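Be aware that the sequence shown starts at 350, since it is given in the numbering used here, and climbs by one per residue. Beta carbons: idealized from backbone N, C-alpha and C, even for Gly. What you are looking at is a predicted structure, and each value in this text was computed from that prediction instead of being measured.
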Amino acid sequence: MKPASLPVNDKRRMRMAGPFFTPLPLVWLFRLMTQQLLAERLLPVLLLPVLLLLTIIRSAKNTPGPLISNHQLAEGEIILDVDGTVPIQPVLQHIGISAWPGRLTLTNHAIYFESLGVGLYDKAVRYDLASDMKQVIKPELTGPLGARLFDKAVMYKSTSVAEPVYFEFPEFKGNSRRDYWLDVCLEILHAHRFIQRNNFNETQRLEVLARAILGIFRCRAVREALCCFSSHYKTLLAFKLAESLPRGDMILETLSSRLALLNATPVSGSPHAKQQLRLSPVALLTLCQLGFILQKEANLDVEVIAFGDLWAGETNPLEISVKQSMSDTGKAEAARATVDKVKVEGIDTNVAVMKELLFPVIESAGRLHHLASWEDPFKSMVFLVLSCCAILWGWTRYILPSIFVWCAVLMLVRSYVSKKMPLEAFRVTAPPNKNAVERLLTLQEAITEVEGLTQTANIVLLKLRAILLAVLPQATERVALLLVFVAAVLAFASLQHLILLVFLEAFTREMPYRKESSDRWLRRLREWWVRIPVAPVQLIKQDDKKWK
350 MKPASLPVND
360 KRRMRMAGPF
370 FTPLPLVWLF
380 RLMTQQLLAE
390 RLLPVLLLPV
400 LLLLTIIRSA
410 KNTPGPLISN
420 HQLAEGEIIL
430 DVDGTVPIQP
440 VLQHIGISAW
450 PGRLTLTNHA
460 IYFESLGVGL
470 YDKAVRYDLA
480 SDMKQVIKPE
490 LTGPLGARLF
500 DKAVMYKSTS
510 VAEPVYFEFP
520 EFKGNSRRDY
530 WLDVCLEILH
540 AHRFIQRNNF
550 NETQRLEVLA
560 RAILGIFRCR
570 AVREALCCFS
580 SHYKTLLAFK
590 LAESLPRGDM
600 ILETLSSRLA
610 LLNATPVSGS
620 PHAKQQLRLS
630 PVALLTLCQL
640 GFILQKEANL
650 DVEVIAFGDL
660 WAGETNPLEI
670 SVKQSMSDTG
680 KAEAARATVD
690 KVKVEGIDTN
700 VAVMKELLFP
710 VIESAGRLHH
720 LASWEDPFKS
730 MVFLVLSCCA
740 ILWGWTRYIL
750 PSIFVWCAVL
760 MLVRSYVSKK
770 MPLEAFRVTA
780 PPNKNAVERL
790 LTLQEAITEV
800 EGLTQTANIV
810 LLKLRAILLA
820 VLPQATERVA
830 LLLVFVAAVL
840 AFASLQHLIL
850 LVFLEAFTRE
860 MPYRKESSDR
870 WLRRLREWWV
880 RIPVAPVQLI
890 KQDDKKWK
């Protein structure tokens, strides 16, 4: 039963009697308790990344150089992160079929790996990120004895190493460790490539590295605070993000133009122009204030330090570039979502979709083959006469432009119609479902066909090599005379007549008056081709000297 409500007069008396009889103090008390509860729960969560960032910076600053055994760090080289020191979270280095645990260290110039020996670490191996050695860093599959089983590794390849090196980050669930190390290594690599593409002075170069270092520190803090590594935290890594964003090159060009104004000498003019030229390396100064020294001889103009990249009354060019890139990113993500929807599994299903998409081309090729087979002599003769007239009158040069104009008109009409009528889904008749065994058999048949085509192509290439190197002198002489005759025809005959000659030869081959002679000529050609031996081939086993 609902409680009986008070009369209107009684309610009015309670409001007039004072705050002790009104429910408003209870609401205020509830709000205060809620705010206090939220402050007690949310404030530590909000402050946790900040506290962890300070802890990470302090630990990085206090990390001794001898942490990398038997190797002296260069001047200005800062240790950004270390992994593999915890036994339950090892780092495995794969080279060839061998794997060895150890400690992985990232600095602002290189990657170091120290193999774990008997209680001690061996000498550190340095994998450079600063020099231009055509480095390639990407995710890769690894496993025991070189098997590609687990998607938990980062591959490093450059001209300084004989073969690719794989760093595996084993974990029971997911590959967040691998993704984190992949992103931070790419951030340092892209920062150095950005420096190499631009003619920066020493201060500008240090500013770029300082921005990359601070981004990695922030990324570490957020990752350790939230115990995960989401794709949204990758936006803290500016240079790696710019390489993957649409119009990211424009962002880097704008950043390069802004970095060119660092410590610039102010010129005469308006105060606004002077302020825009008096920029300071904010990230580099931040690192210096935190106790990191990238270079002892870095010359910083103290008088210019007070000004940053601030714009009053107008939008910063870098902000404009970022907004344009984010707009294109939304469109790219929407398009990528449509791509993920139409992806299908199975060879038969993908072949069925491709056949339906290429139906106009397949149908046109089928009709052209029907005309060339001379099953309907009247239609074939009409097509032959019209084609010869088009070739002789020089209309063939208008075929491709006509196709382009027809496609353009079709697209314009479709763009007008699509505003009123949405695009319907493309319908494809799905093949019958197959179980796992049938799919494996289909895959095996496809692999066998590909292997057969590859073998046939190799035989053709080896026979051509035999003809070129005169393994069979008679065949080589005939081919040489044929090439001389073809060269003379190409030199003295017009292109128009050559096209007409090739078309007549190909189209009239199945003509009733030529079919018997054409078949006889093709048979002689096949017999001659069979009699040609292949060039010898010797397979040599590669002498693998793999690190163990």
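Keeping to the same chain, check which residues put their C-beta closer than 8 Å to that of Arg390; ignore five residues upstream and five downstream. In this prediction, Arg390 has a pLDDT of 49, which is less than 50 and means its spatial position is unreliable; what the coordinates show is noted afterwards. Hits under 8 Å: none found.
Span separating the alpha-carbon of Pro822 from that of Tyr476: The straight-line gap from Cα to Cα measures roughly 54 Å.
Rounded to whole angstroms, what's the CA-CA distance from Pro436 to Gly451? Just pull it up for me. So the alpha carbons of these two residues sit roughly 10 Å apart.
Buried or exposed: Leu494, going by 16 or more other Cβ atoms within 10 Å of its Cβ? Within 10 angstroms of the beta-carbon of Leu494 lie fewer than 16 other beta-carbons, which makes it exposed.
Beta-carbon separation (whole angstroms), Leu849 vs Cys738, contact threshold 8 Å: For a cut-off of 8 Å, the C-beta gap from Leu849 to Cys738 is around 10 Å, too long to register as a contact.
In three-state DSSP terms, what is Leu792? It is helical.
Beta carbon of Gly433: closer than 8 Å to some heavy atom of the ligand FMN? You won't find the ligand FMN in this model; it holds no ligand whatsoever.
Under 9 Å, do Pro780 and Thr698 count as touching if we go by C-beta distance? Yes, these two residues count as a Cβ contact at 9 Å.
Cα-Cα, which of Ser507, Val510, Leu558 and Glu517 is closest to Leu498? Of Ser507, Val510, Leu558 and Glu517, the residue nearest in Cα terms is Glu517.
What residue range does the alpha helix (DSSP H) around Asp481 cover? Unbroken run through Asp481: none, as it is neither H nor E.
I need the straight-line Cα distance from Leu538 to Ile428, nearest angstrom please. If you take the alpha carbons of Leu538 and Ile428, they lie about 15 Å apart.
Pull up the distance between the alpha-carbon of Leu575 and that of Leu531, whole angstroms please. So the alpha carbons of these two residues sit roughly 19 Å apart.
Residue from Val702, Leu604, Ala721 and Ala681 with nearest C-alpha to Glu668: A check of alpha carbon separations from Glu668 across Val702, Leu604, Ala721 and Ala681 identifies Leu604 as the nearest.
Is Lys728 buried or exposed, if buried means 16 or more other CB atoms sit within 10 Å of its CB? Exposed is the call here.
Roughly how far, in whole angstroms, is the beta-carbon of Leu720 from the beta-carbon of Phe732, given that I think they are within contact range, below 8 Å? Going by Cβ atoms, the distance from Leu720 to Phe732 rounds to 5 Å, so yes, they are a contact pair.
Considering just the uninterrupted stretch of the alpha helix (DSSP H) at Glu463, what are its terminal residues? No alpha helix (DSSP H) holds Glu463; the beta strand (DSSP E) holding it covers Ala459 to Ser464.
Give the C-beta separation of Val828 and Ile816 to the nearest angstrom, bearing in mind that I take them to be a contact with Cβ-Cβ under 8 Å. Contact between Val828 and Ile816 is confirmed by a C-beta separation of about 5 Å, below the 8 Å threshold.
Under a three-way DSSP split, which group does Phe521 fall into? Here Phe521 sits in coil by DSSP.
Between the CA atoms of Arg596 and Asn457 - distance to the nearest angstrom: Linking Asn457 to Arg596 through their CA atoms gives a straight-line distance of about 26 Å.
Put Leu375 into one of helix, strand or coil per three-state DSSP. In this prediction, Leu375 has a pLDDT of 38, which is less than 50 and means its spatial position is unreliable; nothing more can be read from the coordinates.
Give the straight-line distance between the Cα atoms of Ala423 and Ala459, rounded to the nearest whole angstrom. Ala423 and Ala459 have their C-alpha atoms some 10 Å from each other.
Flag this pair as touching only if the segment 698 to 707 and the segment 837 to 848 have three or more C-beta atom pairs under 8 Å; answer yes or no. When Cβ pairs closer than 8 Å are counted between the two stretches, the segment 698 to 707 is seen not to touch the segment 837 to 848, the count staying below three.
What three-state label does DSSP hand Ala511 in the structure shown? For Ala511, the three-state secondary structure derived from DSSP is coil.
Whole-angstrom distance between Leu601 and Ser674, CA atom to CA atom: Rounded to whole angstroms, Ser674 to Leu601 spans 11 Å at the Cα level.
Tyr747: buried (16+ other C-beta within 10 angstroms of its C-beta) or exposed? Exposed: under 16 other Cβ atoms inside 10 Å.
With distance defined between alpha-carbon atoms, name the residue in Ser525, Pro488 and Leu563 nearest to Leu643. The residue with the shortest Cα to Cα distance from Leu643 is Leu563.
Whether Ser867 touches Glu859 by CB criterion (9 Å): Cβ distance < 9 Å, so Ser867 and Glu859 count as in contact.
Quick one: using the 10 Å Cβ neighbour count with 16 as the cut-off for buried, is Gln553 buried or exposed? Under this definition Gln553 is a buried residue.
Contact set for Val693: own chain, Cβ-Cβ below 7 Å, skip 5 residues either direction: The beta carbon of Val693 sits closer than 7 Å to the beta carbons of Asn699 and Val702 from its chain, once the five residues preceding and following it are set aside; these are given in chain order.
Would you kindly check if the distance between the Cβ of Leu633 and the Cβ of Ala559 is under 9 Å? Between Ala559 and Leu633, the C-beta gap is smaller than 9 Å, which places the two residues in contact.
Alpha helix (DSSP H) runs contained entirely in the segment 803 to 872, provided each spans 4 or more residues: Whole alpha helix (DSSP H) segments, 4+ residues: 822 to 841 and 844 to 856.
Looking at the unbroken beta strand (DSSP E) that takes in Ala502, where does it start and where does it end? Under the DSSP assignment, Ala502 falls in the beta strand (DSSP E) whose first and last residues are Phe499 to Lys506.
According to DSSP, which residues form a beta bridge with Ala448? Paired residue(s): His443.
By the 10 Å Cβ neighbour count, where 16 or more other Cβ atoms means buried, how is His541 classified, buried or exposed? Here His541 is buried, its C-beta having at least 16 other C-beta atoms within 10 Å.
Using the three-state DSSP reduction, which class does Asp532 fall into: helix, strand or coil? Residue state, collapsed to three classes: helix.
May I ask you to report which of helix, strand or coil DSSP gives Glu798? Residue state, collapsed to three classes: helix.
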